[in-house]
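One structure is given below, encoded as structure tokens.
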Ligand SMILES: Cc1ncc(COP(=O)(O)O)c(C=O)c1O
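Numbering (my numbering), first residue to last: 2 to 359.
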């Protein structure tokens, strides 16, 4: 069997290690940028009533028309822009790759960044070009980025706004320079939109190569897997051709429409996360041996003292707290850990466990 595997599976796929997601059982889960708040019981009961009426024997609405309408209304997406739904924004990244991939075509992004840009480029047989951010504050190195765009002529450029795993929001003027220099599409990935006041959504149409990608994951609906891409109709009509039929299942469609009716609740939860982020940030600055970077997302990147990250990560886990260890993930992230903002009591538990380890 192993011979056949090596004959059949592409060498670049065999060389990959599968994306590892640790088992969070029994731990305070501060590793995956999830919204920590659930729904009140009355709301859950109302949602279950909606689910009760669904026909699971039928295929879903192929266009997800009701979800599209609910997203347009909730997010202020006007009809002059197209909207494309994905099974999480990960699937949209995949559709974009499938739609443009050809030998020699490139995807460019800024590193350290969201790993799926690189991984999906590879899956689709495209080359990934990662331009390093500035190591001191993770801002865009504009001359290096413009050089790389000129040299590599990428088909797709991803700019995460704010960026994961660094948490900062790039300078909007730098982003505009990149959009104007790029020969292909520029996708501004606003996964963390609920936690910042800035967006490129209102600028769609100003450049013919700009698309904005968002997700409902971080606003409290990570479990239903729903991402959306917004931009000129002419682009999205083409990308829609590679979408698998029925990619948004019945349960997701109904749950999203239901949840978006209660957007004020989700907005209030985002506001609480922002307030907790501020508290966590302030508390981290009082700790010796930790440098916390500014964040406009629902997580904070921090750097600990030389040689300490692995031990602190493990020490936190031993005390029941799971965060993300980025040490070794990218040279610029040596000794870095990322903590997702949780509920007040989770953040307090994290802070006291951390201070015991410093
Ligand atoms: C920048 C960025 N984009 C996209 C995603 C993926 O979102 P989704 O859950 O919609 O696939 C993430 C998830 O961590 C992210 O950090």
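Each residue gets a CB set at the ideal place from its N, CA and C atoms; glycine is no exception.
Measure the beta-carbon distance from residue 220 to residue 36 and round it to whole angstroms, keeping in mind my assumption that it falls under 8 Å. The count along the chain shown starts at 1 and reaches residue 220 at position 219. The count along the chain shown starts at 1 and reaches residue 36 at position 35. Their Cβ separation, rounded to whole angstroms, is 7 Å, which keeps residue 220 and residue 36 in contact under 8 Å.
Contact check, residue 261 vs residue 231, beta carbons under 8 Å: The count along the chain shown starts at 1 and reaches residue 261 at position 260. The count along the chain shown starts at 1 and reaches residue 231 at position 230. No, they are not a contact pair.
Considering only the beta carbon of each residue, do residue 339 and residue 300 sit closer than 8 Å? Counting from 1 along the chain shown, the entry for residue 339 is found at position 338. Counting from 1 along the chain shown, the entry for residue 300 is found at position 299. Yes. Within cutoff.
Nearest to residue 321 by alpha carbon, out of 177, 30, 8? The count along the chain shown starts at 1 and reaches residue 321 at position 320. The residue with the shortest Cα to Cα distance from residue 321 is 30.
Quick one: grab the DSSP three-state call for residue 161. Within the chain shown, the letter at position 160 stands for residue 161. Reduced to three states, the DSSP call for residue 161 is strand.
So which of 225, 354, 113 has the shortest CA-CA distance to residue 302? For the purposes of this step, residue 302 is taken as residue 301 along the chain shown, with counting starting at 1. That would be 113, whose Cα lies nearest to the Cα of residue 302.
Kindly give me the distance between the Cβ atoms of residue 251 and residue 55, rounded to whole angstroms, as I take these residues to be in contact under 8 Å. Locating residue 251 in the chain shown gives position 250, where the first residue counts as 1. Locating residue 55 in the chain shown gives position 54, where the first residue counts as 1. Correct: roughly 5 Å between the Cβ atoms.
So residue 169 and residue 295 are in contact, right, with Cβ under 8 Å, and what is the actual spacing, rounded? Taking the chain shown and counting its residues from 1, the one referred to as residue 169 is at position 168. Taking the chain shown and counting its residues from 1, the one referred to as residue 295 is at position 294. 6 Å between Cβ atoms; contact.
With the cut-off set at 8 Å, would you say residue 90 and residue 156 are in Cβ contact? The count along the chain shown starts at 1 and reaches residue 90 at position 89. The count along the chain shown starts at 1 and reaches residue 156 at position 155. The answer is no: Cβ separation not under 8 Å.
Can you pull every residue whose C-beta falls closer than 5 Å to some heavy atom of ligand 1, listed in chain order? 89, 90, 91, 115, 161, 165, 190, 192, 216, 218, 228
Can you confirm whether the stretch 103-122 touches the stretch 234-241 when touching is taken to mean that 3 or more C-beta pairs between the two stretches lie within less than 8 Å? no
Return the CA-CA distance between residue 201 and residue 267, expressed in angstroms with no decimal places. Within the chain shown, the letter at position 200 stands for residue 201. Within the chain shown, the letter at position 266 stands for residue 267. Residue 201 and residue 267: Cα-Cα distance of roughly 21 Å.
Cβ neighbour criterion (16 or more within 10 Å) applied to residue 23: Translated into the one-based positions of the chain shown, residue 23 becomes position 22. Exposed, because fewer than 16 other Cβ atoms sit within 10 Å of the Cβ of residue 23.
Residue from 357, 51, 61 whose Cα sits closest to the Cα of residue 248: Within the chain shown, residue 248 is the residue found at index 247, counting from 1. Selected option, being the one with the closest Cα: 61.
Please determine if the stretch 131-150 and the stretch 276-293 are in contact, where contact requires at least 3 C-beta pairs separated by less than 8 Å. no
Below 8 Å on the Cβ atoms is my contact criterion, and I expect residue 158 with residue 187 to pass it. Report the Cβ-Cβ distance as a whole number of Å. Your numbering for residue 158 matches position 157 in the chain shown. Your numbering for residue 187 matches position 186 in the chain shown. Contact flag correct, Cβ pair sits at about 5 Å.
Considering only the beta carbon of each residue, do residue 222 and residue 32 sit closer than 8 Å? As a position in the chain shown, residue 222 is number 221, starting the count at 1. As a position in the chain shown, residue 32 is number 31, starting the count at 1. Going by C-beta atoms, residue 222 is not nearer than 8 Å to residue 32.
Among 17, 190, 2, 185, whose alpha-carbon lies nearest the alpha-carbon of residue 107? One-based indexing of the chain shown puts residue 107 at position 106. Among 17, 190, 2, 185, the Cα nearest to that of residue 107 belongs to 185.
What would DSSP say about residue 200, mapped onto helix, strand or coil? On the chain shown, position 199 is the one that residue 200 refers to. Three-state result, residue 200: coil.
Would DSSP call residue 301 helix, strand or coil? Within the chain shown, residue 301 is the residue found at index 300, counting from 1. If DSSP states are grouped into helix, strand and coil, residue 301 belongs with the strands.
Please report how far the alpha carbon of residue 171 lies from the alpha carbon of residue 162, in whole angstroms. Numbered from its first residue, the chain shown carries residue 171 at position 170. Numbered from its first residue, the chain shown carries residue 162 at position 161. When rounded, the distance between both Cα atoms is 6 Å.
Pull up the DSSP beta-bridge partners for residue 292, would you. Within the chain shown, the letter at position 291 stands for residue 292. 304, per the DSSP bridge assignment.
Member of 206, 327, 224 whose CA lies at the smallest distance from the CA of residue 38: On the chain shown, residue 38 is found 37 positions in, with the first residue counted as 1. When only C-alpha atoms are compared, the closest one is 224.
Excluding the 5 residues flanking residue 69 on each side, which residues of the same chain have their C-beta closer than 6 Å to its C-beta? On the chain shown, position 68 is the one that residue 69 refers to. Hits under 6 Å: 84.
May I have the straight-line CA-CA distance separating residue 309 from residue 293, to the nearest angstrom? Position 308 of the chain shown, counting from 1, holds the residue named residue 309. Position 292 of the chain shown, counting from 1, holds the residue named residue 293. Between residue 309 and residue 293, the C-alpha separation is close to 15 Å.
I'd like the list of long-range same chain contacts for residue 341, defined as Cβ closer than 7 Å, with 5 residues on each side in sequence excluded. For the purposes of this step, residue 341 is identified with residue 340 of the chain shown, where counting begins at 1. The residues 31, 32, 33, 34, 35, 299, 300, in chain order, have a CB closer than 7 Å to that of residue 341 in the same chain once the five nearest residues on each side in sequence are set aside.
Residue nearest to residue 196 in terms of C-alpha spacing, selected from 208, 204, 215, 179: Mapped onto the chain shown, residue 196 falls at position 195. The option with the nearest alpha carbon to residue 196 is 215.
Considering only their Cβ atoms, is the gap separating residue 141 from residue 175 smaller than 8 Å? Numbered from its first residue, the chain shown carries residue 175 at position 174. Numbered from its first residue, the chain shown carries residue 141 at position 140. Cβ atoms of residue 175 and residue 141: closer than 8 Å.
Measure the C-alpha to C-alpha separation of residue 101 and residue 356 and round it to an integer number of angstroms. The count along the chain shown starts at 1 and reaches residue 101 at position 100. The count along the chain shown starts at 1 and reaches residue 356 at position 355. Each residue's alpha carbon lies about 49 Å from the other.
Would residue 2 be called buried (16 or more neighbouring beta carbons within 10 Å of its own) or exposed? Translated into positions along the chain shown, residue 2 becomes position 1. Its Cβ having fewer than 16 others within 10 Å, residue 2 is exposed.
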